[in-house]
Each structure stands twice: as C-alpha cells, then as structure tokens.
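The numbering of the sequence shown is UniProt numbering, which starts it at 1 and goes up by one.
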Amino acid sequence: MKSEFPNRKDKHIAIVGGGVAGSTAAIHFAELGFKVSILEKGVSLVNGPPICHLHAGGNLYREISEQQCLDLLTQSIDTIRLYPHSLNIRPTIIAVPHSDGGDPEALLPRLEVIKRAYQSLVEQDTSNRVLGEPDEYYKLYSKEALIALSKLVQPEHPQSIDEWTIPFAQHADLEALKYPVVAVQEYGWSVFRLAAVANMTLEQLQNVDVLTQAELKQTHWSGSDWELAYLQAGAQKTLRCDYLVNACGFETGAVDDAIGVKRDRLVEFKAAYVTRWNECSQQWPEVIFHGPRGTDKGMAQLTPYGDGYFQLHGMTKGITLFDDGLVESSKISAQPELPTSLLSKIRNGWRQEILDERTDNAIKHMSQFIPDYQSAVKGGKALFGAQQIPGTDPVLRAADVTFEENNYARIEVVKASSTLLAAQKMAQYWFDIAPNDNVELEHPVTVHWSEEDVEQFAVKLTQERGYPKALAERYGM
Numbered sequence: 001m002k003s004e005f006p007n008r009k010d011k012h013i014a015i016v017g018g019g020v021a022g023s024t025a026a027i028h029f030a031e032l033g034f035k036v037s038i039l040e041k042g043v044s045l046v047n048g049p050p051i052c053h054l055h056a057g058g059n060l061y062r063e064i065s066e067q068q069c070l071d072l073l074t075q076s077i078d079t080i081r082l083y084p085h086s087l088n089i090r091p092t093i094i095a096v097p098h099s100d101g102g103d104p105e106a107l108l109p110r111l112e113v114i115k116r117a118y119q120s121l122v123e124q125d126t127s128n129r130v131l132g133e134p135d136e137y138y139k140l141y142s143k144e145a146l147i148a149l150s151k152l153v154q155p156e157h158p159q160s161i162d163e164w165t166i167p168f169a170q171h172a173d174l175e176a177l178k179y180p181v182v183a184v185q186e187y188g189w190s191v192f193r194l195a196a197v198a199n200m201t202l203e204q205l206q207n208v209d210v211l212t213q214a215e216l217k218q219t220h221w222s223g224s225d226w227e228l229a230y231l232q233a234g235a236q237k238t239l240r241c242d243y244l245v246n247a248c249g250f251e252t253g254a255v256d257d258a259i260g261v262k263r264d265r266l267v268e269f270k271a272a273y274v275t276r277w278n279e280c281s282q283q284w285p286e287v288i289f290h291g292p293r294g295t296d297k298g299m300a301q302l303t304p305y306g307d308g309y310f311q312l313h314g315m316t317k318g319i320t321l322f323d324d325g326l327v328e329s330s331k332i333s334a335q336p337e338l339p340t341s342l343l344s345k346i347r348n349g350w351r352q353e354i355l356d357e358r359t360d361n362a363i364k365h366m367s368q369f370i371p372d373y374q375s376a377v378k379g380g381k382a383l384f385g386a387q388q389i390p391g392t393d394p395v396l397r398a399a400d401v402t403f404e405e406n407n408y409a410r411i412e413v414v415k416a417s418s419t420l421l422a423a424q425k426m427a428q429y430w431f432d433i434a435p436n437d438n439v440e441l442e443h444p445v446t447v448h449w450s451e452e453d454v455e456q457f458a459v460k461l462t463q464e465r466g467y468p469k470a471l472a473e474r475y476g477m
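Next up, the structure:
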C-alpha cells in the first residue's frame, strides 16, 4: 500500500529520536509524501518510558487546568484513530481515600465539561466515537452501589462499566474511601503495540530511512540546509537535510545545546513496576487512588494486563519518584542534568536489589487500598524513563512543539497523546498543510495493519526487550 499524497520528496526532513514523538512525526511526514530520515540510537523505535493509559480527559490530574483536560481529550481521540490497535479498552476508576485531602465531588463539574466536549466532537464527526457512547463517558458510584456490585459474579468478558467495576467493589477497602467513586472511559495503552505499528509502518514506507543505533554527534546549518554528523556501528557518517526535528525526549536539551539555542525545561525520572497477582482471575479496570505526592500516602495506580500482570505506580520517593529526580535546565545549558545514579539506570539497567525493594514497596503501597494485593510478586523488569516538561511548570501536561529559525523544531510532548498534534503543527508551520480531520485518510499505511499483525510484532518486541508478553497482548473489550 502506498500513501495517496502528492510527491513532496524534494523536501528532506531529518528527525533525531525514534520514540513515540519522533516516530509519529516520521509517520505523518512520510504519509504526506516527504522524504524522511529518522535517527535513533537504540536498536528499535519506541523504546521509551512506560505509558499506562491514554489521558482522554486528563482526569488523573486534579491540578491541571480545564483547558489542558480538553486538549488531552481531543489529542487522545486523534491518537486512537491513528493507532487503533494499540488500545486496551477498559475503564479507569478514580477513588479518593480518606488519607487524601481532596474532595471527590470536586472532580464532577470538570467531568461534565469533558463529557459535553466529547459529545460535541462526536456530533461533528461520528469517527470520533472512540471512547464509547458520550453519555457513558463516566459513571459515579456510592458506597451502597459498590457493596451491591460486590455480590455479583463478573462475566468472563465484561462489557458495561458496572461489570468492569465488580473486582474493585469486591477487593478494594471500601471503608477507606470517600464517595462518590468515579469510573471513566480512559483506556489502557500498550506501548508495545504502539511500537509495533510505528516499526512496521516506517519499515513499509519507501520514502523513509530508519537509522537505528545511530547517535547524533554534530549539527551544522550551512545557510540553506543542515549537515548532521552521526556515529553508526562505529563508523562516522553524515546526512544533509532541509528540516531538522529534535524528538530526543528527555535529552532534547542536548541537541538545543549543540545548535546553540536556549530553552527552559524540566526533566523528571520516574519508574513503574511490573507485578503478578497469581490469585487474580478477574478482568480489572485501571484503578487510581489519589494521594499527596511525595508522601507515604502518595497516589497509587494499578494498570491491568492479561495473565495476572499489573503495572504499579506509587507517587512516593520509595516507588515511582526518586531523590533529585526532578531537575531543571540552567543558564549555561538547555539540558537538565539527572544525577549519575538515575542516568545509569537508563543507560545500564537496574541493580537487582533496588528493583526488588521498590517493587516490594509498590505492592505494599497498593495493598493499603486493595488488601488482597499483598500476595502479588515481582513480575519482571521495571518500566522507567525520564519525562521532559517544557518551561518551568512541573504541572504542565498538554504541550507539543516549538520552532526556532533555520527550519529547526523541537517536539516537547509530556504525554504521548500529544505527538500527532505536534507533527500536524510542524506540517502547517513549515509547509502550510492544514491538519486533515480524517486521520485515517491522511495515514493509510499506518491504519491498515490488522490486530493480529500488530499483536504478533508487539509480542516479539517484549521478548527482545525482556518483558512479559502479557504487556503486548490485547486486554479488555
């Protein structure tokens, strides 16, 4: 299958960094007909930090503005349409324990605004109905309603929000919670199935050159084009391009420094842990227990996969967060400097005893709210990485792309769902190509893969990267 767009191959776009942002930009430009080269220093594309779920409304983030929530909703819908087989379709439950200072009622006005916005997007275009029916975007549960649900048997293939909520009603400590509890259609997102689509699509598109194990060493603007020097398999190589896209994730500042442009940014190192709850035979939703960040009652997050595997976050310094894990750029460098101990985890992996200790902490933390979870065990390697946040506000979650002179742009997404918007903004800024509302028509190669193609490739990636295959397999409806 070929892209149906006019030939724009006389323009050469080089993208440095093959994570979700760089790969999505490469897909977008290549499907538009441009010549694209993507430089990635790893062995395959989209090999970055964990994605637990698609923030289709940003309901986890009580601290962000309503506008950021609406932005995340729109971006998430477009992302689902671009990567439809990467989703795990199941709801997310948001609970506020007594140990948290928040009021669950405070979530409700914003939920209603997001639901109305989703309804409006569906009315504009029925292809936007990717999060279920708008009037079922969220559901509230009283304690009595959860007790009633706890007496039911979950069907083998849960469909309704009630059916998905049964395991939570049976196993969560309902006395520890404030009410109402909210269930919302924020779905799971498999980073491995997303990686599969990106790798397969960019391999198939003839106008893309994917250069893996290629590390950028120098950049030079000649006055009319860019010359990039990079190292691949021990050999020095060069590449000329008309446009340069910096998609280096937490290392975006290093390319800014090489080019000589200033930029404020933060970088935060975070980790999530793969656990296995062997006693679990039910289909769980994702569950968020809110809590004050950085304390021993920090937010706890349970992300379900098949075969009893769950990914855990705990927003405490002994689990997901780290001492000196949030760093900022300086007057002399646009690249925030992580401590050596954290950089070493990214470059060389984890010491076994630290992984064991933090996974154990995560299990104990979750069992405060789901007591039976104490029997879970370590299920594999940590999912970890550093997240960039442009500017100086650590709360920012909806961000996309900024431009400099000499055809240079940097993608600065905080959430992976912002990547298509970033690519569309570059196409509009540089080439005056307005975003097409028909995501599928604009990306025919990307959307043509079957569910089987995607899952098969994704399972292969988990094997190569040393993770359980359940993290690649479809989970949910």
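We put the CB at the ideal spot given by N, CA and C, even for glycine.
Close-in-space but distant-in-sequence residues of the same chain around residue i (CB under 8 Å, 5 per side omitted)
i: A427; result: H28, F29, L32, I433 and P435
i: V122; result: N128, R129 and P134
i: R358; result: A271, Y273, G318, I319 and A382
i: T402; result: R263, P390, A409, R410 and E412
Whether residue i touches residue j by CB criterion (8 Å)
i: A26; j: V16; result: no
i: V454; j: H85; result: yes
i: I38; j: L202; result: yes
i: L140; j: L174; result: no
i: N88; j: L244; result: no
i: I93; j: I288; result: yes
i: V377; j: T275; result: yes
i: L420; j: T74; result: no
i: G379; j: Y309; result: yes
i: H365; j: A472; result: no
i: E186; j: V113; result: no
i: S76; j: S333; result: no
i: Y467; j: R90; result: no
i: Q159; j: M477; result: yes
Neighbourhood of residue i by C-beta distance below 6 Å, restricted to the same chain and skipping five residues each side
i: A423; result: T24, A25 and H28
i: R240; result: D225 and E227
i: A214; result: L39, Y230 and Q232
i: A195; result: V46 and L461
i: A362; result: Y273, L312, G314 and I319
i: Y83; result: L194 and V197
i: I13; result: F29, F34, V36 and Y243
Reduced DSSP category for residue i - H, G, I as helix; E, B as strand; rest coil
i: D453; result: helix
i: I13; result: strand
i: A229; result: strand
i: N199; result: helix
i: L266; result: strand
i: K378; result: strand
i: W430; result: helix
i: T402; result: strand
i: T419; result: helix
i: residue 494; result: Outside the modelled stretch of the chain, which goes from 1 to 477, sits residue 494, for which no answer is possible.
i: R465; result: helix
i: D209; result: strand
i: G253; result: helix
i: K425; result: helix
i: Q68; result: helix
i: Q204; result: helix
i: T295; result: coil
i: M477; result: coil
i: V191; result: helix
i: T275; result: strand
i: E186; result: coil
i: V261; result: coil
Min CB distance residue i to chain D below 8 Å
i: A196; result: The structure shown contains no chain D; it holds only a single protein chain.
Closer than 7 Å: residue i CB and nearest the ligand SAH heavy atom
i: L342; result: As for the ligand SAH, it is missing from this structure, which has no ligand bound.
Cut-off 7 Å between Cβ atoms - residues of its own chain near residue i, not counting five sequence neighbours on either side
i: L338; result: V267, F269, V327 and A386
i: Q170; result: S150
i: A176; result: P97, H98 and F369
i: A247; result: I15, V16, G17, G19, A21, G22, A25 and I411
So does the segment 302–315 actually touch the segment 228–241, counting three or more Cβ pairs closer than 8 Å? No, they do not touch.
Is there contact between the segment 100–114 and the segment 180–191, where contact requires at least three CB pairs shorter than 8 Å? Flag = yes, the segment 100–114 and the segment 180–191 touch.
Using 8 Å as the threshold, is the segment 262–273 in touch with the segment 382–392, meaning 3 or more CB pairs across them? The segment 262–273, when compared against the segment 382–392, does touch it at the 8 Å Cβ threshold.
Uninterrupted beta strand (DSSP E) stretches inside the segment 70–130 (no shorter than 3 residues): Within the segment 70–130, the complete beta strand (DSSP E) runs of at least 3 residues are 92–97.
How about the segment 162–178 and the segment 108–123: do they share at least three Cβ pairs that are nearer than 8 Å? Look at the beta carbons and you see the segment 162–178 not touching the segment 108–123: under three pairs across the two are nearer than 8 Å.
Start-end ranges of the beta strand (DSSP E) lying completely within the segment 127–169, minimum 3 residues: If we require 3 residues or more, the beta strand (DSSP E) runs fully inside the segment 127–169 come out as 138–141.
If you pair each beta-carbon of the segment 204–223 with each one of the segment 247–262, do three or more pairs fall below 8 Å? Short answer: they touch.
What are the start and end residues of each continuous beta strand (DSSP E) run of 3 or more residues lying completely inside the segment 317–385, in chain order? Secondary structure within the segment 317–385: the beta strand (DSSP E) runs of 3 or more consecutive residues, fully enclosed, are 326–328 (chain order).
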